[in-house]
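Q: One structure follows; several queries about it will come next.
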Amino acid sequence: MLYKTSAPRFFSENRVSGMMLTLIAAAIPGLFAQTYFFGWGVLIQVIFAIIVALISEVLVLFLRNKPIISTLFDGSAIVTGFLLGLALPSVAPWWITFTAVTFAMIFAKHLYGGLGYNPFNPAMVGYVLVLISFPLQMTAWLPATDLLLHPLTFMDSLAVIFNQHTANGFSVANLRTGIDGYTLATPLDTIKTDLNNGFMLSEILQKSIFGDFAGKGWGLVNLCYLLGGIFLIIKKVINWRIPFSFLGTLLLFSVIFTLINPNGYTSPILHLFSGATMIGAFFIATDPVSASTTPRGRIYFGIGIGLLVFVIRTFGGYPDAIAFAVLLMNMCAPTIDQYTQPKIYGQRTNAQWDLATKANSMESKS
Amino acid sequence: MALKSSNYRTTDNTPDQIPIYTFHGGIHPPQNKIPANVPSQHNLKLAEKLYLPLITTKGQKLTSKFSISMETPEQAQKIRIPVQKGQVIAEDPNGFVPPLHAPASGTIIGIENVSSSHPSGISVPMLVLKTSPEQQWVDLPSMKFEEALASPASDIIQKIFQAGIVGLGGAAFPTSIKLSTKKPIHQLILNGAECEPYISCDDRLMQDKAMEILQGACILAHAVSATEVVIAIEDNKPEAIQSLKKQRSEFNQTKVTIGIVTIPTKYPSGGEKQLIEILTGQQVPRGKLPADLGLIVQNIATTKAVYDAIIEGKPLIDRLVSLCGDKIPQSANYLVPFGTPVRHLLTEAQVNLQQIKQVIMGGPMMGHNLLSLKTPIMKSCNCLIVPSEKELPNPLNTLACIRCGLCSEACPVDLLPQQLYWHAKAEEWEKADKLNLFDCIECGACAYVCPSKIPLVDYYRFAKSKTIDQKADAIKGQKARIHHEKKQARLDQIENEKAQRRKDRAVAAKQRQPQSAQPEKQDNKDNSQTLLASNTTASDANPGVDPKKQAIADAIERVRQKKLAKAHLEQQIPEKTSETGETP
Amino acid sequence: MAIFILLILGLIFGALLGFAAIRFKVEGNPLVEQLDALLPQTQCGQCQYPGCKPYAEALAQGDAVNKCVPGGQETMEKIAELLGVDPEPLAPENDAIPVPTLVFIREPDCIGCTKCIQACPVDAIVGAAKHMHTVIQADCTGCNLCIPVCPTDCIEIVPAKTGLAAWSPTKPENFATSVQYLQRIPIQWH
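In order, the protein sequences belong to chains S, R and W. In terms of the working numbering, the first sequence has 312 at position 312, counting the first letter as 1, and numbering is strictly consecutive. In terms of the working numbering, the second sequence has 480 at position 480, counting the first letter as 1, and numbering is strictly consecutive. In terms of the working numbering, the third sequence has 110 at position 110, counting the first letter as 1, and numbering is strictly consecutive.
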């Protein structure tokens, strides 16, 4: 008995699960760097977030009566958990991570229809929820380990996350004390607060938190994410347009403002290599489902994100603004798509066509 | 946008070295071609019965040249019409579709409904030709090459039509109509790209019949008054390129310049519009034809068929078909006469028919499955694939679209396959149409790269047919609405006229003495001038004289009885309930 | 101060709206036109209204959306979407996807009574008293209003599309349903 198959009967090796796996692989160097500089907390958060993401996805799929195993294996839940684990502070209490991940999976992804149907980046929705609801815990970032007065061991990190105290009785606030006795914040946070207080950039950069070239630890972490991102572009998992237009816009604006007032604004290097810029550019903003899809649209999308990040960081109330910028541009993505459709084969303007036919007839005469 | 490919930048002015451009997108699937050293099989045993369809896969009807009546089984048994090889057996009364010729001598024994090669597998009536052991051609009007170049172009085109030549690349468009364009043509392009995997019949032709192809090209160029011929061949066919170049060096003619250009292997560079963009860097504007750019594109096999028709006088009765796939012990190109059932071809190629699961007519990317092995091979079939399960596995797990955009990067027409998919899925036909759904060439490049393995080409075929239906329905609805409104207006006008007349008469009657009842009654009968019922019934006719009228009277009586019976039945039921209802 | 500014703004915007209401006024009820455009224009009367436009007007007044039989499920859903109401199920004896049909007059039985010509809402039957009647199939909408009035019962229903024209590709769900076995491939006849 003959059967019928569908064109085309050849398929490339591309698979959704393969793309997700490549994404995770590209982020592994960044994960190692972040763990190396900021302690075991990072790794614990990531693993915990992935587990919570998988469990919540299984629960929701069970409620929705969808096939569980095949959906889990497309890897999108793992990627969401992974990115959220990297985005949240390494000493954030476990219930912050839990809330962020479950909200992201259930409300931002499955309530809209699951993979492929969510208009907003799920990881960023979860992040923004906890950022706005629990500002105290979300601003409790641990500085680089060699700056710490009380460096954390693996068991200490575990204890802090799940118990909010180490075995020695230190709370998160205690742990953030630097060697010189001050409570340390992230580089971007430090700059923002001090610029507001009237200090000049050159003075601020003298602080211990600004080590290698863009904040102790943060610079190298961002460099690792940059390398991972370039790997993704070569492997064609993401398109070059969004990250490059985002970084280019951010660079452009920070350069312009730094030229106007060299000491009054964050320097371009700090903008690009501090905070979540690189992970945002290559791993978060490029989430294909919520971003723009047309080639020109992607460039506008990236420019929009870059602009918003710069504006919020410089003039807004938050030190780091990737999440907000990405979500705001996610809202604009369908409109951008509608107005940036490419010209298809044969859709030249009449002037160009007349020119082409004239050239042809002249050739045939000669 | 056209990009210059750096390998082929021109420095000198030889006709082979022209600047090559590239088209947007494209993919590189595995080639799986039959090795070039496998010779083509010309000794296929003739099938016992050949089936020649009288309705093409596009729905065009051909009328058989012989009157065949199959109304009773006895009549059907007796049909025996002898035909010779190459004799015309069916024609299109509209003169659009070229005629169908008998691929072998034998006898026509009737018309059968056989599954056609349309994707639906629908049965169409086909002439059944029982072949005879001895084969005899009809008289073939051959001519020399120089004579052909000296005859007027219209004669050549007429001969091409009479020989039944259609585009043999798969679309089967009548060649003579393409050549009859009124636009000035300066270049003839021969499409030797053959970009689809598995297919290699053009490759084989170029190696074996290079001189015939060159002569056919010159004849075609003469028919459209072109001065240049460019033969485009993909670089995975080096033997074909060598063979053509060798024959060209021995070919003595100066009327046209023949360039043999190598193009990079990419799917689908064999599409007409994509090939034009590769060779000239220009895109054929939407709604226009290649002839508007002064170009005509012809397939290699069509060119050889033109040579056969003009120089040797032979009509189109057979073609090379690539028979490939793992289930075929010896993949090769076979010379198959039209009308040969697929079953016969497969049996001759030693295929175990019990073990095959799929037969694909056409290439793997754009071909369709055959639903019956009795389907005959006709002009548009260039390949038959009989794959094993491992060779062309169907991915059974389709995921949701993740909007990655790989499909729009691969599309050779620069469409947005993803948006078309979303609209086709949501059945929003107007939006899909606005996104240029009908420019899709259904090449399958988008579905090839899709990581979610969505059957995109099926969605577009579905969307196209529904959009066409919707547009047709809208036009029909518009017409119906206008007719209805006109009819309403007409009836209203008649009512108004009647009311006016009645009013006038009433006024006139009031002014005279009271005798107004009778004129009004006459007014009511004054209807015959309008289109309203005149109430003619059979009772007006002369009773019992005309048998036709008697039949009509009987029919009316039957209907009346039926209506009476129905009314009686309906009355009986209320009677019964009223009986039971009445309780004293 | 704020109250004053808001008052001024309110007056300005009110004036703008009033101006727009007069300058850009649309005659008639565009909703009825839109609804009429969705209906299939069969003019059959199965919705109990004498034509599609009267039903469109009734719909604009809030009538039930599931009365159109030739339109079927698709038309009902589109009307419901336009009006912003819930789609209601069609009556069970009606097809969700009606097959388009035409009518055909068997000329040997026709007596030239013109009853069908009067009954046809779109003037698709050509003929005159005591002359042959015939259906212009290109204009026939398949409403079947001519069939009950014919005294000789000579009008029959024929499918609108036959053969290759009646086939159309099916909507794919995924590749699994595309792998269909020979006997079970459904041929779409509409």
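The beta-carbon is built from N, C-alpha and C at its ideal position, and this holds for glycine as well.
Assuming Lys453/R and Leu491/R are in contact, meaning their beta carbons sit under 8 Å apart, how far apart are those beta carbons, in whole angstroms?
A: The residue labelled residue 453/R in the question sits at position 453 within the second sequence. The residue labelled residue 491/R in the question sits at position 491 within the second sequence. Incorrect: roughly 59 Å between the Cβ atoms, too far for contact.
Q: Just curious, the alpha helix (DSSP H) that Gln511/R is in, first and last residue?
A: Taking the second sequence and counting its residues from 1, one reaches residue 511/R at position 511. Counting along the chain, the alpha helix (DSSP H) containing Gln511/R begins and ends at 456-511.
Q: In this structure, how does DSSP classify Asn409/S when only helix, strand and coil are distinguished?
A: As shown, chain S starts at 1 and ends at 366. That puts residue 409/S outside it, with no answer to give.
Q: For Phe315/S, go through chain R and note every residue whose CB falls closer than 8 Å to its CB, in chain order.
A: Position 315 of the first sequence, counted from the first residue, corresponds to residue 315/S. Chain R residues near Phe315/S: none, gap ~32 Å exceeds 8 Å.
Q: Go to Pro288/S, then tell me how far its alpha helix (DSSP H) extends in each direction, as first and last residue.
A: Residue numbering aside, residue 288/S sits at position 288 when the first sequence is read from its first letter. That residue, Pro288/S, is in no alpha helix (DSSP H); it is neither H nor E in DSSP.
Q: Taking buried to mean at least 16 other C-beta atoms within 10 Å of its own C-beta, is Ser154/R buried or exposed?
A: Residue mapping note: residue 154/R aligns to position 154 of the second sequence, counting from 1. Exposed, by the Cβ-count rule.
Q: Please state whether DSSP places Leu240/S in a helix, a strand or coil.
A: Indexing the first sequence from 1 puts residue 240/S at position 240. The residue asked about is misnamed: residue 240/S is Trp in this sequence, not Leu. Coil at Trp240/S, not helix or strand.
Q: Measuring CA to CA, which of Ala21/W, Met132/W, Asp36/W, Val69/W is closest to Pro54/W?
A: What you label residue 54/W is simply residue 54 of the third sequence in a count that begins at 1. The candidate whose alpha carbon is nearest that of Pro54/W is Asp36/W.
Q: When you check each C-beta in the region 295-322 of chain R against every C-beta of chain S, which residues fall closer than 9 Å?
A: Going along the region 295-322 of chain R in chain order, one finds Leu295 with a Cβ nearer than 9 Å to chain S.
Q: Rounded to whole angstroms, what is the Cα-Cα separation between Ile400/S and Ile50/S?
A: The requested residue 400/S does not occur in the structure, where chain S is confined to residues 1 to 366.
Q: Spatial neighbours of Ser157/S within its chain, please: C-beta separation below 8 Å, excluding the five flanking residues on both sides.
A: Numbered from its first residue, the first sequence carries residue 157/S at position 157. These residues qualify, in order along the chain: Gly39, Trp40, Gly41, Ile44, Ser90, Val91.
Q: Please determine if the region 112-131 of chain S and the region 304-312 of chain S are in contact, where contact requires at least 3 C-beta pairs separated by less than 8 Å.
A: Cβ pair count under 8 Å is below three, so no.
Q: Is any beta-carbon of chain S found at less than 7 Å from that of Asn236/R?
A: Position 236 of the second sequence holds residue 236/R. Cβ-Cβ to chain S under 7 Å: no for Asn236/R.
Q: In chain W, which residues lie with their C-beta within 8 Å of the C-beta of Tyr459/R?
A: Here residue 459/R is taken as the residue at index 459 of the second sequence, counted from 1. Per Cβ cutoff of 8 Å: Lys171, Pro172.
Q: For the alpha helix (DSSP H) that Gly302/S lies in, which residues bound it at each end?
A: If you number the first sequence from 1, residue 302/S lands on position 302. Here the alpha helix (DSSP H) through Gly302/S covers 295-315.
Q: With DSSP as the reference, please indicate the residues paired to Ala232/R in a beta bridge.
A: Here residue 232/R refers to the residue found at position 232 when the second sequence is read from its first residue. According to DSSP, which records beta bridges pairwise, Ala232/R is partnered with Asn191/R, Val261/R.
Q: Looking at the structure shown, is Arg15/S part of a helix, part of a strand, or coil, going by DSSP?
A: For this step, residue 15/S is matched to residue 15 along the first sequence. The answer is coil: DSSP assigns Arg15/S none of H, G, I, E or B.
Q: At which residues does the alpha helix (DSSP H) containing Glu57/S begin and terminate?
A: Stepping through the first sequence from its first residue, residue 57/S is reached at position 57. Start and end: 40-64.
Q: Check the Cβ of Arg286/R against every Cβ in chain S and list those closer than 7 Å, keeping chain order.
A: As a first step, residue 286/R is located in the second sequence; it is residue number 286 there, counting from the start. Ordered by position in chain S, the residues that pass the 7 Å Cβ test against Arg286/R are Gly346, Gln347.
Q: Let me know if Gln207/R comes out buried or exposed under the rule of 16 or more other beta-carbons within 10 Å of its beta-carbon.
A: Here residue 207/R corresponds to residue number 207 of the second sequence, with the count starting at 1. Looking at its Cβ environment, which holds 16 or more other Cβ atoms inside 10 Å, Gln207/R is buried.
Q: Of the residues that make up the region 95-106 of chain W, which ones have a beta carbon closer than 8 Å to any beta carbon in chain R?
A: Going along the region 95-106 of chain W in chain order, one finds no residue with a Cβ nearer than 8 Å to chain R.
Q: Going by alpha carbons, who is nearest to Ala148/R out of Leu371/R, Ile34/R, Ala223/R, Lys464/R?
A: As a working note, residue 148/R is residue 148 in the second sequence. Out of Leu371/R, Ile34/R, Ala223/R, Lys464/R, Ala223/R has the C-alpha closest to the C-alpha of Ala148/R.
Q: To the nearest angstrom, how far is the alpha carbon of Asn191/R from that of Arg204/R?
A: Counted from its first residue, the second sequence places residue 191/R at position 191. Counted from its first residue, the second sequence places residue 204/R at position 204. Approximately 14 Å, taken between the alpha carbons.
Q: Tell me whether Ala9/W is buried or exposed, calling it buried when 16 or more other Cβ atoms sit within 10 Å of its Cβ.
A: Residue 9/W sits at position 9 when you count from the first residue of the third sequence. Going by the sequence as given, residue 9/W is Leu instead of Ala. Per the 10 Å Cβ criterion, exposed.
Q: Along the region 474-485 of chain R, what residues have a CB closer than 7 Å to any CB found in chain W?
A: So the list reads Gly477, Lys479, Ala480, Arg481, His483, His484, given in the order they occur along the chain.
Q: Less than 8 Å between C-beta atoms, sequence neighbours within five positions excluded: which residues of the same chain meet that for Tyr459/R?
A: As a first step, residue 459/R is located in the second sequence; it is residue number 459 there, counting from the start. Contacts found: Leu420, Tyr421, Ala424, Lys425.
Q: On the criterion of 16 or more Cβ atoms from any shown chain inside 10 Å, does Pro187/S qualify as buried, or is it exposed?
A: Here residue 187/S is taken as the residue at index 187 of the first sequence, counted from 1. Classification of Pro187/S: buried, given that the 10 Å Cβ count is 16 or more.
Q: Applying a beta-carbon distance threshold of less than 9 Å, which residues of chain R neighbour Val342/S?
A: For the purposes of this step, residue 342/S is taken as the residue at position 342 of the first sequence. Reading the sequence as shown, one finds Pro at residue 342/S and not Val. Chain R residues near Pro342/S: His24, Ser408, Asp414, Leu415, Leu416.
Q: Which class does Pro82/R belong to by DSSP, given the choice of helix, strand or coil?
A: Counting from 1 along the second sequence, the entry for residue 82/R is found at position 82. Residue state, collapsed to three classes: strand.
Q: Could you pull the DSSP bridge partners for Glu112/R from this structure?
A: Here residue 112/R corresponds to residue number 112 of the second sequence, with the count starting at 1. Paired residues: Met126/R.
Q: Could you tell me the alpha carbon to alpha carbon distance between Gly167/R and Val261/R, rounded to whole angstroms?
A: Numbered from its first residue, the second sequence carries residue 167/R at position 167. Numbered from its first residue, the second sequence carries residue 261/R at position 261. Each residue's alpha carbon lies about 21 Å from the other.
Q: Among Tyr36/S, Phe98/S, Phe107/S, which one has its Cα closest to the Cα of Val60/S?
A: Taking the first residue of the first sequence as 1, we reach residue 60/S at position 60. Measuring from the Cα of Val60/S, the nearest candidate turns out to be Phe107/S.
Q: Are the beta-carbon atoms belonging to Ile111/W and Thr152/W less than 7 Å from one another?
A: Within the third sequence, the letter at position 111 stands for residue 111/W. Within the third sequence, the letter at position 152 stands for residue 152/W. Cβ distance < 7 Å, so Ile111/W and Thr152/W count as in contact.
Q: Find the nearest neighbour of Ala214/S within the set Leu175/S, Pro268/S, Ser56/S, judged by alpha-carbon distance.
A: Along the first sequence, one-based indexing puts residue 214/S at 214. Checked all of Leu175/S, Pro268/S, Ser56/S; the closest Cα to Ala214/S is Pro268/S.
Q: With a CB to CB cut of under 8 Å and the five nearest residues on each side skipped, what residues in its chain are close to Ala76/R?
A: The count along the second sequence starts at 1 and reaches residue 76/R at position 76. The residues are Met70, Gly110.
Q: Take Glu77/W and list the residues in its own chain whose beta-carbon comes closer than 8 Å to its own, dropping the five residues that flank it on each side.
A: For the purposes of this step, residue 77/W is identified with residue 77 of the third sequence, where counting begins at 1. Answer for Glu77/W: Pro87, listed in chain order.
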